[in-house]
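In the numbering used here, the protein residues as written are 195 to 302.
Backbone N, C-alpha and C fix where the C-beta goes; we use that ideal spot for every residue, glycine too.
Keep in mind the model is a prediction, meaning the values are calculated, not measured.
One structure below.
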């Protein structure tokens with residue numbers, strides 16, 4: 195896995211849980227993500243845009259392997275903060291709208 199900051203464009207839409215309308219996930223949104231590539235545990239962070247103009251989840255701390263950000267294609271589950279709880283986000287529709295280079299991105 196190449197270490198580098200690349201991911202997906204922020205203007206894409208995410209599908210919310212059943213019954214909710216799709217809405218944009220703005221920059222700096224608090225999220226948590228899971229990836230089997232980084233241990234499979236929930237990792238908290240914030241949505242941001244890398245210099246490549248791709249969206250990343252910039253992690254609050256180092257993940258296994260020392261990673262500090264996660265490309266959207268590595269995310270297997272994502273939730274956004276909703277008050278005291280978390281709401282599921284379907285990453286697939288968002289990732290599908292990304293430029294090819296961003297869809298093939300790696301974690302840093």
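When the distance is taken between beta carbons, is residue j closer than 9 Å to residue i?
i	j	result
residue 251	residue 221	no
residue 225	residue 239	yes
residue 237	residue 229	yes
Rounded to the nearest angstrom, how far is the Cβ of residue i from that of residue j, given a contact under 8 Å?
i	j	result
residue 257	residue 232	4 Å
residue 283	residue 274	6 Å
residue 298	residue 254	So it is not a contact: roughly 25 Å between Cβ atoms.
residue 227	residue 269	5 Å
Which residues does DSSP list as the beta-bridge partners of residue i?
i	result
residue 275	280
residue 239	225, 253
residue 265	250
So the beta strand (DSSP E) residue i belongs to, where does it begin and stop?
i	result
residue 290	Careful: residue 290 lies outside any beta strand (DSSP E), inside the alpha helix (DSSP H) at 285-290.
With residue i as the anchor, note down where its alpha helix (DSSP H) starts and where it stops.
i	result
residue 298	No alpha helix (DSSP H) holds residue 298; DSSP gives it neither H nor E.
Going by Cα to Cα distance, which pick from the options is closest to residue i?
i	options	result
residue 304	262, 287, 277	Only positions 195 to 302 of the chain appear in the structure, and residue 304 is not among them; the question remains open.
residue 294	223, 219, 249	249
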